[in-house]
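Chemist: So for the sequence shown, the working numbering puts the first residue at 237; every next one is plus one. We put the beta carbon where it would ideally sit given N, CA and C, even for glycine.
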Amino acid sequence: MSFASHDSATRQSAGHAITAEDIQAGGAKASEDVARYALQLGDDALMLSQRLGWWIARAPELEEDIALANIALDLLGHARFFLTYAGTAWGKTEDDLAYFRDEEEFRSCRLVEQENGDFGQTIARQLIFSYYQYELYRRLVHSSDPTLAAIADKALKEVQYHQDHAGQWVLRLGLGTEESKRRIQAGLHYMWPYVDELFHDDELVDALGDAAVRPSELRADFDVRLKAVLDEAELSVPELLGAYGGDRSGQFSEQRGHILAEMQVLARRHPGATW
Numbered sequence: 237m238s239f240a241s242h243d244s245a246t247r248q249s250a251g252h253a254i255t256a257e258d259i260q261a262g263g264a265k266a267s268e269d270v271a272r273y274a275l276q277l278g279d280d281a282l283m284l285s286q287r288l289g290w291w292i293a294r295a296p297e298l299e300e301d302i303a304l305a306n307i308a309l310d311l312l313g314h315a316r317f318f319l320t321y322a323g324t325a326w327g328k329t330e331d332d333l334a335y336f337r338d339e340e341e342f343r344s345c346r347l348v349e350q351e352n353g354d355f356g357q358t359i360a361r362q363l364i365f366s367y368y369q370y371e372l373y374r375r376l377v378h379s380s381d382p383t384l385a386a387i388a389d390k391a392l393k394e395v396q397y398h399q400d401h402a403g404q405w406v407l408r409l410g411l412g413t414e415e416s417k418r419r420i421q422a423g424l425h426y427m428w429p430y431v432d433e434l435f436h437d438d439e440l441v442d443a444l445g446d447a448a449v450r451p452s453e454l455r456a457d458f459d460v461r462l463k464a465v466l467d468e469a470e471l472s473v474p475e476l477l478g479a480y481g482g483d484r485s486g487q488f489s490e491q492r493g494h495i496l497a498e499m500q501v502l503a504r505r506h507p508g509a510t511w
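1. Using the three-state DSSP reduction, which class does Val473 fall into: helix, strand or coil?
2. Please report the distance separating the alpha-carbon of Arg294 from that of Asp442.
3. Helix, strand or coil for Thr546 per DSSP?
4. With a CB to CB cut of under 6 Å and the five nearest residues on each side skipped, what residues in its chain are close to Ala245?
5. What span of residues does the alpha helix (DSSP H) with Lys417 cover, start to end?
6. May I have the straight-line CA-CA distance separating Thr510 from Tyr430, to the nearest angstrom?
7. Report the residue from Glu349, Thr358, Leu411, Gly327 whose alpha carbon sits nearest the alpha carbon of Leu304.
8. Can you look up Trp326 in the DSSP assignment and give me helix, strand or coil?
9. Are there three or more Cβ pairs, one per stretch, closer than 8 Å when the segment 365–379 is compared with the segment 318–335?
10. Excluding five sequence neighbours on each side, which residues of the same chain lie with their C-beta closer than 6 Å to the C-beta of Gln405?
11. To the nearest angstrom, report how far apart Leu275 and Ile292 are at their CA atoms.
12. Kindly provide the ranges of any alpha helix (DSSP H) runs that are 4 or more residues long and lie completely inside the segment 342–389, ordered along the chain.
13. Going straight from the alpha carbon of Ala281 to that of Gly262, what length do you get?
14. By DSSP, does Trp291 sit in helix, in strand, or in coil?
15. Let me know if Pro451 comes out buried or exposed under the rule of 16 or more other beta-carbons within 10 Å of its beta-carbon.
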């Protein structure tokens, strides 16, 4: 499995097929169940965007600094889409949902909440999550809910870059020095217990039918494609020990609170402020 070369620093995001403002102005109102589903997807993107933003001015290369910032901004855009749409069910804005919910009200998966660690650990998380998102969005474009389908169509174009970027780095680290190989393999082992949660079906997905994507149906393609890049990088798929499975009904890692404390502090100290 090979990856086409990208100039990460100069790369531009995909065309603007839909914007958060389009969703707001379009008048489509999400049902309660669709809103809860959109909230999950938006929270995943929001948390990972916050994590990746930490790397700005810290990445190992200037080009990589810009690349990770671009990916973080893409994910923040995805979060805006989903949170804006979710908010139509409850009369809330994207900012209401991002800044004024408490940690137990978020529905992000634990994988995206994990600490960045070293660069290898961050890339391991990126590989896993971007491959998962790709399988999710390429199916969600066929959602019976037109707004979810439109968001997925826009996001899919960007996630294709995210997985390519992560795959290139996995190859570079896995086939590099003994130290780079050790670090990326250690990163995979650290993140692997949080993989199962991504593919857990729940009552919400059952209720949504063809508006949503059943997570369990993504696993086979995810496993095949992920193993292919790990094989090429001469890395091993970690054995599943101490997996954190379960659903998103309020279970979360302690890291979530740390992310939110930093992300929400300004909005909560100065509610309603504009500048």
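Modeler: Reading it off the structure:
1. Val473 carries a coil assignment under DSSP once its states are collapsed to helix, strand and coil.
2. In this model, Arg294 and Asp442 are separated by some 42 Å (Cα to Cα).
3. Only positions 237 to 511 of the chain appear in this structure, which leaves residue 546 out of reach.
4. Caution applies to Ala245, whose pLDDT of 36 falls short of 50 and renders its modelled position unreliable; the value that the coordinates give is listed next. Cβ neighbours of Ala245 beyond the five flanking positions: Glu299, Ile302.
5. Taken as a continuous stretch (DSSP letters only), the alpha helix (DSSP H) holding Lys417 covers 414–427.
6. One Cα belongs to Thr510, the other to Tyr430, and the distance between them is close to 38 Å.
7. It is Thr358.
8. Residue state, collapsed to three classes: coil.
9. By the Cβ criterion, the segment 365–379 is not in contact with the segment 318–335, since fewer than three pairs of Cβ atoms, one from each stretch, lie closer than 8 Å.
10. In the sequence on display, residue 405 carries Trp and not Gln. Only residues of its own chain outside the window of five on either side were considered, and among them Ile359 have a CB closer than 6 Å to the CB of Trp405, listed in chain order.
11. Their Cα atoms are separated by approximately 26 Å.
12. Fully enclosed alpha helix (DSSP H) runs of 4 or longer: 355–376.
13. Distance from the CA of Ala281 to the CA of Gly262, rounded to the nearest whole angstrom, comes to 23 Å.
14. Residue state for Trp291 is assigned as coil, using DSSP reduced to three classes.
15. Here Pro451 is buried. Its C-beta has 16 or more other C-beta atoms within 10 Å.
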